[in-house]
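Engineer: First the structure, then my questions, so here it is.
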Ligand code: B3K
Ligand code: ZN
């Protein structure tokens, strides 16, 4: 497959001012008549050839200006039409079988309904079209089909006419806003709606509807509430008002990703719509709120202003992720949200940035664009814009975004356009900052405090590691919020924002009698790694006293990380290990007892650094050693602090269920207590977890207890898993949890359990949620996936080979865990690489999987 390069961009030779679509709908056969008005693009180099993209389409007929069209040819999957004059009407008929569309791109069938997914290049599976984001067109659509099968017919914009015709009925929709084809959507099926209204700041009354299958209606209130709060928030914080009279959301159970921001008709994975206390955890509730907000915010950052080409993806995704993060921060706890964002960044994006798939937030080339919907484009993209916000401050940042929205409304824009609007509107000089868009890799900042009688010097060093295709890097501007704590008072004298924009830099401080304690990258102002020269006792001090909650969390993480990395590397003798454990135990005990901290934050402070994060800290990781030390520490802490954990659990168990912060916090610390006790006092934990399971009146408590029980042998394990299955049989989203809990468990036989679950009648490769619930959970289970025999790697490779012909987009996502081979100890490294090579040798691979496997082998 060909490589597409950013530098090769050229504007399309033709404009498509109007698109008319006529769908004759059927689950097994749908016929599409597309009528395109085309005219020469005066801003592009003239060409008589109109390239219409297709993907697996069969052309039934083609007319130009009503006549049979002579000048056409196929170029691979694309249709090339040669046109003499300046303006024409092209009519194209295609027909296909939506029920055979297991890729879930284009128009597909899901549970008897029809729905579309077009981003990035799915529209070309519906009809021949210039399927690129810089071709904006006004869409009018007619669809007809059997009324009994498809009582509800939806598309973008407004419904303008409906009618009946025997057993069939039809609807016409018109979207007044010109849009690229990737934002097109159509839904037809048996659906019911939760309806509400929202009045915008300008007085427009918007009819809101969330469409689901009949039995799911009662689980849609949280999504509706999140939608209304998002609409209000975007008006208040970004000055953005909604621009249509209706806003529809449809939930489907077969979906490759979270959701899709189609204009006026969002299509959602059920996972991000349905939530109630009995079936959704607190994390699920937060996920629904975040994704509803994200897709809504796209209406401006994505739809009103879209991307010129797919290399600019971060323009809409990075910015929209930042917007949804700021929203969630305002709805809940700022510090806890920030910690959650950083955990995702470190758990997914940092490993991506240090592995074979590393790429800048604005990539330079791709073979399959679906592979670039990455944590780098999304999460690092959000961090990059957040840094601009930190440098400008919220008011000036808002001036920058106002200018961007005003200047580029209705356009297909570039990252460069965004940067320029920020420079002018927010008054920032971003010349050197543009490197964040060009360079991949996570910058490393080394910090040390040098103290003499009178002066204190903070010495900073920056390096950006080499990444594939980018051996040499330049220093980037890294905004770091810093505070120096005075040992005499235990306080700092105010924080400052330092822009570290050179390879080396020194900053002087006066007036410290003793060397101050450095608190750096407070609030995680920059997506970098920090190596600071600091004593464990000072980390413990910051973990207990830093007034920046993120910095507190960070100090605790650092304290534990250092110890576990050293222990896994066999660098500690018994005495050193014992004293490090004592220090960590003391710090945890302080956190458990600190009445100034709320439980939500306490829950964060108690989390041990993940195995992935620990592995990231060393050049060649030994997953078994890391696992042994991490579990060893957990067990020691669980035993040592048993009384504190049981007391915390029993205190928190008295808090009744609600969705307020105190109650969510109570549930979070309960699970934490069980996790430590399960390692350190398994008999106590088993009894407590079983009691929590049986008494649970909500999914957070029930799933938390189940997770703990799934890792400990005993009759409780069997009974809880059986009870959970029977209780929720038929509820797909909850049965996904049942698969995940087992695939991710600490049970020594997890690998065997996963094999058995793959043969369970409820398992299917056709549903992406189900596939992920079993195999993503498994790939994230360090002791099982990294089994010394290589069995775990083989199982993931088998899955990729089986899934690739069915759903290449989802299959390709599973290559990532196998891409870690360069960073593993030699034995596992070879076993992992072997599996990548086995996949590479397969007869027929999709473009998606081919690209990821070849890059991973590098
Ligand atoms: N824009 C979509 C993602 C589409 C992914 C296509 N492979 C959802 C989102 O980011 O909001
Ligand atoms: Zn998005």
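Numbering (the UniProt record's numbering), first residue to last: 26 to 883. Even for Gly, the Cβ is constructed at its ideal location relative to N, Cα and C.
1. What does the Cβ neighbour count give for residue 342, buried or exposed, with the cut at 16 atoms within 10 Å?
2. Residue 474 by DSSP, collapsed to three states: which one?
3. Measure the beta-carbon distance from residue 573 to residue 547 and round it to whole angstroms, keeping in mind my assumption that it falls under 8 Å.
4. When the Cβ atoms of the stretch 215 to 228 are set against those of the stretch 142 to 161, are three or more pairs found closer than 8 Å?
5. Please report the distance separating the alpha-carbon of residue 550 from that of residue 493.
6. Can you tell me whether DSSP reads residue 506 as helix, strand or coil?
7. Would you say the stretch 364 to 376 touches the stretch 128 to 136, given that touching needs at least three Cβ pairs under 8 Å?
8. I need the straight-line Cα distance from residue 318 to residue 687, nearest angstrom please.
9. With DSSP as the reference, identify every bridge partner of residue 221, one or two as the case may be.
10. What residues are listed by DSSP as bridge partners for residue 535?
11. With the cut-off set at 8 Å, would you say residue 115 and residue 63 are in Cβ contact?
12. I want to check one thing, is the minimum distance from the CB of residue 278 to the heavy atoms of the ligand B3K below 7 Å?
13. Which whole-angstrom value describes the C-beta separation of residue 406 and residue 346, a residue pair presumed to lie in contact below a C-beta threshold of 8 Å?
14. Using only CA atoms, which one of 695, 685, 585 lies nearest to residue 659?
15. How would you write the range of the alpha helix (DSSP H) that residue 64 sits in, first residue to last?
16. Just to check, is the beta-carbon of residue 286 closer than 7 Å to a non-hydrogen atom of the ligand ZN?
17. How many whole angstroms separate the CB atoms of residue 466 and residue 383, which I take to be in contact at a CB cut-off of 8 Å?
18. Taking just the CA atoms, how far does residue 439 sit from residue 67?
19. Grab me the residues of residue 883's own chain with a C-beta within less than 7 Å of its C-beta, minus the 5 sequence neighbours each way, in chain order.
20. Would a C-beta distance cut-off of 8 Å place residue 469 and residue 523 closer than the cut-off?
21. To the nearest angstrom, report how far apart residue 611 and residue 441 are at their CA atoms.
22. Measuring only the C-alpha atoms, how far is residue 789 from residue 795?
23. Return the chain-ordered list of same chain residues with a C-beta closer than 6 Å to the C-beta of residue 156, the five sequence neighbours on each side being excluded.
24. Hey, would you say the C-beta of residue 319 is under 7 Å away from at least one heavy atom of the ligand SAM?
25. Less than 8 Å between the CB atoms is what I'm expecting for residue 288 and residue 204, so what's the real figure, rounded?
26. What residues in its chain sit with their C-beta under 8 Å from that of residue 120, if we drop five residues either side in the sequence?
27. So, with DSSP's three-state summary, where would you put residue 817?
28. Could you check the C-alpha separation between residue 421 and residue 394 for me, to the nearest Å?
29. May I ask you to check if the CB of residue 345 is nearer than 7 Å to at least one heavy atom of the ligand ZN?
30. The ligand B3K and residue 384: does any heavy atom of the ligand fall closer than 7 Å to the residue's C-beta?
31. So residue 248 packs on residue 273, CB below 8 Å; how close in whole Å?
32. Using only the alpha-carbon positions, how far apart do residue 704 and residue 617 sit?
33. On a Cα-Cα basis, can you pick out the residue from 236, 237, 222 that is closest to residue 230?
34. What residue ranges within the stretch 638 to 696 form continuous alpha helix (DSSP H) runs of no fewer than 4 residues, ordered along the chain?
35. Would you decide whether residue 740 is buried or exposed? Buried here means 16 or more other CB atoms lie within 10 Å of its CB.
36. Would you give the residue range spanned by the beta strand (DSSP E) that residue 86 belongs to?
Structural biologist: This is what the structure gives:
1. Burial state of residue 342 is buried, judged by a 10 Å Cβ sphere holding 16 or more other Cβ atoms.
2. Strand.
3. Between residue 573 and residue 547 the beta-carbon gap is near 4 Å, inside 8 Å, which marks them as a contact.
4. Counting Cβ pairs under 8 Å, fewer than three are found: no touch.
5. Using only the alpha carbons, I get a separation of about 26 Å.
6. Look at residue 506 here: in three-state DSSP terms it is strand.
7. Two segments are said to touch when three or more pairs of C-beta atoms, one from each, lie closer than 8 Å; by this definition the stretch 364 to 376 does not touch the stretch 128 to 136.
8. Going by the C-alpha atoms only, they are around 23 Å apart.
9. Looking at the DSSP assignment, residue 221 forms a beta bridge with 233.
10. BP columns for residue 535 point to 480.
11. Going by C-beta atoms, residue 115 is nearer than 8 Å to residue 63.
12. Not under cutoff, so the answer is no.
13. Confirmed, about 7 Å.
14. The shortest CA-to-CA distance from residue 659 to any of 695, 685, 585 is the one to 585.
15. That residue, residue 64, is in no alpha helix (DSSP H); its beta strand (DSSP E) goes 55 to 65.
16. The nearest non-hydrogen atom of the ligand ZN is less than 7 Å from the C-beta of residue 286.
17. Right, the Cβ-Cβ distance comes to about 6 Å (below 8 Å), so this counts as a contact.
18. The straight-line gap separating the alpha-carbon atoms of residue 67 and residue 439 is approximately 20 Å.
19. Setting aside the 5 residues that flank it on each side, residue 883 is surrounded in the same chain by 381, 493, each with a C-beta closer than 7 Å to its C-beta; the list follows chain order.
20. Not in contact: residue 469 and residue 523 (Cβ atoms no closer than 8 Å).
21. So the two alpha carbons sit approximately 50 Å from each other.
22. Between residue 789 and residue 795, the C-alpha separation is close to 7 Å.
23. So the qualifying residues of the chain are 78, 146, 148, 149, 206.
24. This structure simply doesn't include the ligand SAM; it includes the ligand B3K and the ligand ZN instead.
25. Contact between residue 288 and residue 204 is confirmed by a C-beta separation of about 5 Å, below the 8 Å threshold.
26. Short of 8 Å from the beta carbon of residue 120, and not among the five residues preceding or following it, lie these beta carbons of its own chain, in chain order: 54, 55, 56, 57, 83, 85.
27. Note: residue 817 maps to helix in three-state DSSP.
28. So the alpha carbons of these two residues sit roughly 34 Å apart.
29. Residue 345 Cβ: within cutoff of the ligand ZN.
30. Residue 384: no, Cβ never under 7 Å from the ligand B3K.
31. Rounded, the Cβ-Cβ distance is 12 Å, inconsistent with contact.
32. Looking at the two C-alpha atoms, the distance is approximately 18 Å.
33. Comparing Cα positions, the closest option is 222.
34. Runs found: 648 to 665, 667 to 678.
35. By the Cβ neighbour-count rule, residue 740 is exposed, with fewer than 16 other Cβ atoms within 10 Å of its own.
36. Residue range 84 to 89 is occupied by the beta strand (DSSP E) that includes residue 86.
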